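To keep things clear, I will list the structure first and then write my remarks on it.
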């Protein structure tokens with residue numbers, strides 16, 4: 012376990028590290044505390060540590076070990092051999108657990124509540140950097156972290172080994188993925204700052220145009236981003252129907268309310284557009300350049316393996332998994348992610364992979380036949396739902412069919428589908444029922460899976 016000056020691996024400076032190799036002993040190696048107390052020589056310690064980290068025969072165990080890999084890589088140490096991450100082991104055993112941090116997991120499995128960072132470094136504005144923590148305090152905290160991680164691994168790995176499917180997932184997917192994600196994060200991605208700056212200027216012009224149109228329609232100027240001012244304009248000045256209320260009893264101006272109003276009124280549609288463009292500016296065109304690392308001149312995100320209950324990755328600082336694509340403005344933002352000179356970015360994606368897996372698991376004859384015949388499933392669904400010939404299916408019909416196909420896989424209700432497609436709930440209900448008539452074994456598979464989960468408390 013490494014102790015550093017920052018939670019952000021891109022800026023973290025190594026202060027010390029802790030090691031535990033059996034259940035009775037754990038050690039902390041102080042390297043760079045701002046203290047008169049004698050510490051281990053930095054270069055000597057790292058040379059000795061290198062012999063452990065880069066030895067493929069020695070198994071390395073950590074909690075969120077990817078962070079430690081990043082930190083030590085900056086000092087020329089590269090992890091080799093098998094890795095065990097107790098955070099990921101905990102996630103595999105109980106993905107529904109709200110948190111998989113060391114304190115939460117150790118309390119659950121060991122009944123131990125380790126010393127917290129706040130207890131040794133303080134809280135809020137009074138919190139000090141770890142290199143300012145006294146060596147004695149740091150030792151108690153850091154050595155305990157390594158010890159608890161070691162004890163946790165003994166319990167969690169034993170539980171995982173009792174389920175061959177979980178064991179296979181860890182060794183075949185999760186363990187290799189730790190190393191792959193660390194490389195991806197470390198490499199980062201280049202950004203065309205000039206292009207983003209140009210896009211930001213264009214988007215700000217669009218914001219001004221929307222505001223001018225809204226002010227002209229209303230007859231006065233106001234802050235479109237203020238819920239209170241928007242309430243007054245929509246429900247007092249324009250007297251639009253109140254479709255929802257806030258917890259405080261005020262008329263709601265939430266996105267879902269505005270979407271419902273936008274079906275019949277023009278102004279809510281402009282407000283939604285204003286919000287969309289404003290988010291593009293604040294989240295992407297203005298913010299992304301600030302995330303560029305001054306040393307590498309690249310953006311470095313963090314990918315999380317133990318965050319999403321379904322097993323999907325999530326991304327933060329910045330989130331690079333939600334770069335917009337559905338609008339022209341969003342697609343332009345994607346153009347700002349570029350390859351280095353004499354290189355290119357290659358995008359590879361499975362074709363309709365979730366639906367292919369569904370066809371395999373459900374063995375629905377119509378769905379299997381469609382894939383075997385090389386048909387476009389979304390176009391085929393559009394033909395069946397809207398009674399069209401393939402040549403008459405346009406982008407809007409195919410998009411609706413895609414929403415139906417994927418929505419049904421993940422249990423979307425008629426209400427949810429009606430919201431997504433902007434149709435009445437009874438229409439959405441008819442679409443779903445018709446879909447299941449076309450693919451009856453898909454419905455059987457989904458119902459059987461839910462029944463199995465209710466009975467056994469898990470699925471596989």
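In my numbering, the protein residues as written are 12 to 471. Glycine included, each C-beta is placed from N, C-alpha and C at the ideal position. Bear in mind that the values here come from a model prediction, so they are computed numbers and not experimental data.
query, result
"In the DSSP assignment, the beta strand (DSSP E) including residue 36 goes from what residue to what residue?", "36-41"
"Excluding the five sequence neighbours on either side, which residues of its own chain have a C-beta within less than 6 angstroms of the C-beta of residue 64, listed in chain order?", "88 and 90"
"Do you know how far the Cα of residue 391 is from the Cα of residue 466?", "35 angstroms"
"Evaluate contact between the stretch 182-195 and the stretch 133-146, counting only Cβ atoms and requiring at least three cross-stretch pairs below 8 angstroms.", "no"
"In the structure shown, what three-state DSSP assignment does residue 473 receive?", "There is no way to answer for residue 473, as the model of the chain reaches only from 12 to 471."
"Out of 414, 448, 452 and 451, state which residue places its alpha-carbon closest to the alpha-carbon of residue 434.", "414"
"Please state whether DSSP places residue 319 in a helix, a strand or coil.", "coil"
"Alpha carbon to alpha carbon, how far is residue 470 from residue 464?", "5 angstroms"
"With a threshold of 6 angstroms on Cβ separation, who are the neighbours of residue 295 within its own chain once the five nearest residues in sequence on each side are excluded?", "344"
"Would a check of beta-carbon distances place residue 56 closer than 8 angstroms to chain C?", "No chain C is part of this structure, which consists of one protein chain only."
"What's the gap between the Cα of residue 481 and the Cα of residue 426?", "Missing from the structure shown is residue 481; the chain here goes from 12 to 471 and no further."
"Measuring CB to CB, does residue 278 end up less than 8 angstroms from residue 225?", "yes"
"Roughly how many whole angstroms lie between the Cα atoms of residue 286 and residue 274?", "17 angstroms"
"Please report how far the alpha carbon of residue 194 lies from the alpha carbon of residue 41, in whole angstroms.", "27 angstroms"
"Here's the rule: buried if 16 or more other CB atoms are within 10 angstroms of the residue's CB, otherwise exposed. What is residue 406?", "exposed"
"Do residue 43 and residue 26 have their beta-carbon atoms positioned less than 8 angstroms apart in this structure?", "yes"
"In the DSSP assignment, what are the bridge partners of residue 200?", "310"
"Counting only runs of 4+ residues fully inside the stretch 113-145, write out the alpha helix (DSSP H) ranges in chain order.", "113-121 and 128-132"
"Grab me the residues of residue 436's own chain with a C-beta within less than 8 angstroms of its C-beta, minus the 5 sequence neighbours each way, in chain order.", "425, 426 and 429"
"Below 8 angstroms, can you find three or more Cβ-Cβ pairs linking the stretch 15-25 to the stretch 66-76?", "no"
"Short of 7 angstroms in beta carbon distance, which residues of its chain neighbour residue 409, apart from the five on each side in sequence? Order them along the chain.", "389, 390 and 393"
"Return the residue from the list 362, 289 and 171 that minimises the CA-CA distance to residue 220.", "289"
"With distance defined between alpha-carbon atoms, name the residue in 318, 239 and 245 nearest to residue 259.", "239"
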